[in-house]
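Numbering (mature numbering (1 follows the signal peptide of the UniProt record, and there is no 0)), first residue to last: -27 to -1, 1 to 1134.
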C-alpha cells in the first residue's frame, strides 16, 4: 500500500507539537455568544415549558425545583440537581425532557426534538446563564427603555474626543497612536518596538490580500529606505484585485454566506455566488460603506442604482441577496413557524452585522438586558413581510426597463397619430352608419341581393356585405353592442312600434350582476399604481387599461377589458444561470407579476385569466417548494387556444388565516392575461362584456328607440362620438367605458365596415385627402419599434434579490409563538425605538460626506429605503462604530469592543471608547471609505509594533505580561493564526498552482468518501482547480473538512469573530491531507526547475517563499540533514540528493507544517 507521507515519526511528532499552543484558561464569565444562545434559544423554552410549575411565581414549586435561575437549577429539588454543567447524563432536566425512567416532563407531552436538542447543547456548553438577580428575591424592574439606554455606553451619541496628550510625542504617527499610547503610559508601559521590515511586509500582505509576498517583493521593500516605503506597499495592495477577495471573505462571514439551503437535501441557492462576486467588486471599488449598507437593505429601490463600470448592469440590487442566504426548509410542517424562523435569522444577521446588537433576543419577550423591546423585533419583521424573494435578471434589468420605457414612449407618440388617421378614415363611414344598418335589415328581411340593395341606395356593396357578416356574429353574442340591432334586423315585426318597444323593454330588463359577497384582491382594470408589482418587463410597465388602442405587431385593436398582459416582445428572454429546484423551477426571473399580500379567509381563491401560465400562491413567503407538502400552492392555467378569459379556482383552504400573495408567470412563449383575483366561496360573476349580457340597450332613451330610423340614428350618433373620442385620444365620459371600448374596437379592427380600400391598400378617404393612411403610419411605427427591439438585451444571468411588495405590518407574537391564535397588536415598521428617538431629536455629529442616493419617505411598499436612510444617518451611532471596530479587529486580532457582533450589555465593553468614537467620526467624515480607514490604521505605529521575539527584551516582555496579560491595551502586536482560506491559498501560492482568475460560478467542494448524505453533490477537484478559497463552493451539508478544522464558521448566522481553536486535526490535515502533500510536490518540482543550484541556496529560496525571511545557518544544516535522511529512506544516491523531487517534496511538506507558516507575527 502506498504511503501518503514518508516523514520520520520524530518529525511528525515535532510538527504536531509545533502547532500546539497552550490553551487559554477558561474565562470565569461565559462568552457573549454563549449567553446569546441562552437568551435566544434556552430561556424561551424554560419560560414556555417549565415556569408554569417550576418558578418563583409558584409558592411551592413542584418537586422543590425551580427553573428560573441557574442557582436554583444547580441546587435542584427533591431528587437532586436539575443541571450539572457539561454533564448531560447527570442533569435531571435532560433526563426528564427525554422521558427517562425517573421523570417525564412536561407531563402534557414530550418536547419537540429541536427543543430537547437546545437544552442538551446548553448543558454541554456548561449551562451559561447571565448574571442577574434571582427572581425569588423579588420582582425585577419592568422594562424601562429610557433607563437601559441611558445606562449603557453603546446607545450614547458619537462624541468627538479631544486628542490626548502623550509624553512620547515622537512615537505618534496617526491620531489613533495617541489613544493607545496614553493608556500605555498611564499603565506604566511602553509600546513594543517596531517590527522588522520582513515581518511587517508579511503582515501587511496577509492582512490586505491574504497571500504572502514573493521574495522579490520583500527584497524591493527592504531596498526602499524612504519614509514612505510602507505607504507605497499599502497603497499598491489596496488597489490589488485580491484586496476584495480577502476583505470580502470577512464580510461573507457576517452574511452567513453559503450556496445551498441545508436541511435534508441541501438544495442549491440559485445564483448565490453572484452576491459573493458583488461583494468583492464593491470592496475593491471602495463603495462608501453607507451606500454599501443601503444597497443591502434596499438596493432594489434606489432611484439611481450603482452601475457596473464595465458592463453597465445594476450592482445595487445584488446587495439585497444577502437576506436570502440562510438555511431554508423545503417542506415545513408548520409553514408559519418556518417563516418566523427564517425572518428571525434575517433579523439576526441584519441587527448584528449593521448594528452590533442581538435584537433577536427579543423574539419572545423584551430583551432581558438591552434597550430593545419585543415591539422593536416585530417592527423589523414588517419589512420582511412587505418584501418578497425573487431571482432578478440583473445583467439586463436596467437595459430592459430602459427599453420598456422607450417602447412606451414610442407607443404614446404614435398612438394618437394612428388613432387620428383611423378616425379620419372612418369619420365619413361612421356618419353613414344608419343607412347601412337599415339597408342590412332590408337585405335580411327581403332576402334580396345585398349588392342590388346597395346599388339602389347608393351604398358600397362591399361595406354592406361586411355589415351583414358583422350582424350575424353580433346576433350570437348578447354583449356585442350590435346585438340589439342584430335581433331587430332578424325580427320581421320589429318595425312595428309595439314590437320594437317590447324588444327594448326586454333587453333593458336584463338582470344586473349580483354584488359579489367575497373579496376582490386585485382588479387590473383599475389597479392603483402602488399595487403594480412586476419582476421584469414581460407584462410591461403597467396593466393595459380598457379602451386602450393596441398597436400590436400588425393588427390594430382596442382593449375590451383591463388586464396585466404579457407582451410578446419579451418572448425571447433567455435566463443564463441556475434555477430554483423542484416545482418552482420554471423560468420566473423577469417574467412574473405578483399581487399585494392578503389574508386567506375562505380557502378558494379565483383568478380571471386568459392563456397559459403558472400561478404560485406564496403562503407565508414560502419559496422552496420541493417536498411532499404544499404542492397545492402551485396552479396552472389553461391555454389551448382560449378565446376569452375565464375564472380558475385554487383551493387553499388548508391555509386559512395565513398571509399570501400570488405570482403569475406565463408558460413558454404563450400569451397570458390576468384580469382579476378574488377570494370567496364561489367565483365572482364575469364582468361585462365577458358575461355576455346586453348593456347597450340600457343606454337608449325613449326617443331614440321609438322607431327603427331613430334607433339607427342613435347607433350612428354613438359611433360618431366614439370616432371623435378616438381622434381626441381619450374616452368619451358620456359613454360607458366598456361599451365605448367595443365601439372603438369596431372602428379600429374592422376597417371594411367604414371605408372601401383602394387597390393600393389606402382608404379612399385618405387617398382623396392626400393624407398618410393608418396602415402606413402603423408600418412606420412597427419599423421604429423593431429598430428598438433589435438592439434590446435578451440574455441575462440571474441573482437573488428583494422584491418590494405591499405594506404589511407584523403582529407581536405572544412569547414568540406563531401557532397561538391570539396575537398581540400590530407593530408599525420602523428601526429600533431607542435609535429612532435620537434621529428624531436631531442629535448632531460633524458633517459627513454621505454618498447614498437621497431617500425620501415612501408612502407605499415595504419602506426599506426609508429604513436604509435611518440606518445610514450619521446620527445613528451604531453602523460607524460597528464597522470601524470590525476593521480594527481584522488588523489587530481583537476589536476595541472584543465582542464585535454584540455591543449590548452581554457583550464586552470597549477598551478604548474615545478611540472608537474618534475612528467612527473620522470614518463618516471621510466619506465612509473602508480603504482609507484601513490605510490610516496600517500607517500607525500601533499597527507596526512587533509581537514578540527578539524585538522585545525579556524585561519589557515581563512587564507587559504582568500589567497587560491579555494585551487589552495593545502594548504589542497580536500573534495571529491565519484563517483556513489563507492557509490553503498560501499553499497553492507556494506550489505555483494558484489561479488568480476572479469571479464566476464556484468550484464544487472536493468530497471525501466520508462526506455522505442526502443531496450529495458531485465532487470537485482536489485542488479546487487552483482557485482561491473564496471561490470554492460552500454547501451547508458538505463543508470542507480542511476549512472546518481551521475554524471557517458554519454559515448559520453572523460571525464577525471566528473561533481560533487548537486541535490535533489541524496538524493532521497539514500532514496527511492529499491536497497538502500534492502541493508540496508541485512546490518542490517548481523549485527544481532551475538546475545547478547548491542545496543551501535552494533551501534559502524555500524559506524566503514560505516565511519571507532567509533560513538561518542552523535551519540550513537541519534541512540538509533531513534531505540526507529522506534520501536514505527512498534509496536515493548521494549525487542525486540535490535533484530528487521526492525528498525535496518532503522538505516542502515540512515547511508547510511549521507553526511559522500558519501564523502572522
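Here a beta-carbon is modelled for each residue, glycine too, at the ideal position from N, C-alpha and C.
Since this is a predicted model, take the numbers as computed values, not measurements.
| Do you know offhand how far residue 148's Cα is from residue 136's? | 7 Å
| request: Check whether the Cβ atoms of residue 620 and residue 590 lie closer than 8 Å to each other. | output: no
| task | Output the residue ranges of the alpha helix (DSSP H) runs that lie fully inside the region 72 to 109 and measure 4 residues or longer, sorted by chain position. | result | 86 to 97
| Under the DSSP definition of a beta bridge, which residues are partnered with residue 775? | 362
| message | My output table needs one value for residue 461: the three-state DSSP class, helix, strand or coil. | response | helix
| request: Please confirm if the region 1025 to 1042 is in contact with the region 1087 to 1095, defined as three or more CB-CB distances below 8 Å between the two stretches. | output: no
| request: Output yes or no for whether 8 Å exceeds the beta carbon distance between residue 537 and residue 647. | output: yes
| message | Between the alpha carbons of residue 138 and residue 49, how many angstroms are there, rounded? | response | 56 Å
| message | Just verifying my parser: in three-state terms, what is the DSSP assignment at residue 862? | response | helix
| Host alpha helix (DSSP H) of residue 608 (start-end) | It is not in any alpha helix (DSSP H) - residue 608 instead sits in the beta strand (DSSP E) that spans 607 to 609.
| task | Report back the beta-carbon spacing between residue 295 and residue 248 to the nearest angstrom; my notes put them in contact at under 8 Å. | result | 6 Å
| task | Could you say which of 574, 611, 585, 584 lies nearest to residue 624 if we only look at CA atoms? | result | 574
| task | Determine which residues share a DSSP beta bridge with residue 620 and list them. | result | 581
| said: If I follow the unbroken beta strand (DSSP E) through residue 496, where does it start and stop? | reply: 492 to 496
| request: Closer than 7 Å by C-beta to residue 747: which residues in its own chain qualify, once you throw out the five before and the five after it? Chain order, please. | output: 391, 394, 395, 398
| said: Under 8 Å, with one C-beta from each stretch per pair, do the region 862 to 870 and the region 936 to 951 reach the 3-pair mark? | reply: yes
| message | Less than 6 Å between C-beta atoms, sequence neighbours within five positions excluded: which residues of the same chain meet that for residue 855? | response | 329
| field | Nearest-angstrom Cα separation, counted from residue 56 out to residue 98 | value | 12 Å
| field | Extent of the continuous alpha helix (DSSP H) run through residue 647 | value | Counting along the chain, residue 647 falls outside any alpha helix (DSSP H), though it belongs to the beta strand (DSSP E) covering 645 to 652.
| request: Would you grab the beta carbon distance between residue 211 and residue 904 for me? Rounded to a whole angstrom, and I think it's under 8 Å. | output: 5 Å
| message | Using a Cβ distance threshold of 8 Å, determine whether the region 433 to 453 contacts the region 661 to 673, with at least three qualifying pairs required. | response | yes
| field | Rounded straight-line distance, which links the Cα of residue 129 to that of residue 958 | value | 42 Å
| message | What residue range does the beta strand (DSSP E) around residue 637 cover? | response | 632 to 639
| task | Could you name the residues of the same chain whose beta carbon sits closer than 6 Å to that of residue 732, not counting the 5 residues immediately before and after it, in chain order? | result | Model confidence at residue 732 stands at a pLDDT of 48, short of 50, so the residue's coordinates are unreliable; what they give is reported in the following sentence. There are no such residues.
| With burial defined as no fewer than 16 other Cβ atoms inside 10 Å of the residue's Cβ, what is the status of residue 916: buried or exposed? | buried
| field | Segments of 4+ residues assigned as alpha helix (DSSP H) that fall wholly inside the region 883 to 944 | value | 886 to 898, 903 to 911, 927 to 936
| query | Is the region 143 to 158 touching the region 170 to 190 in the sense that three or more CB pairs, one from each, lie closer than 8 Å? | reply | no
| said: So for residue 950, helix, strand or coil by DSSP? | reply: strand
| task | Note down the Cα distance separating residue 1124 from residue 1106, rounded to an integer number of angstroms. | result | 24 Å
| request: Use the C-beta contact count for residue 277: other C-beta atoms within 10 angstroms, 16 or more gives buried, fewer gives exposed. | output: exposed
| field | Cβ contact check for the region 329 to 344 and the region 868 to 882: 3 or more pairs under 8 Å | value | yes
| query | For the 8 Å Cβ check, are there 3 or more pairs between the region 297 to 308 and the region 278 to 287? | reply | no
| request: Look at the alpha carbon of residue 760 and the alpha carbon of residue 503, and state the distance between them as a whole number of angstroms. | output: 32 Å
| Inter-stretch contact at 8 Å, needing at least 3 Cβ pairs: the region 686 to 695 / the region 399 to 418 | yes
| task | Could you tell me the distance, in whole angstroms, from the CA atom of residue 928 to the CA atom of residue 1072? | result | 35 Å
| message | Measuring alpha carbon to alpha carbon, tell me which residue in 388, 861, 302, 347 is nearest residue 1141. | response | Residue numbering for the chain in the displayed model covers -27 to 1134; residue 1141 lies beyond these limits and cannot be assessed.
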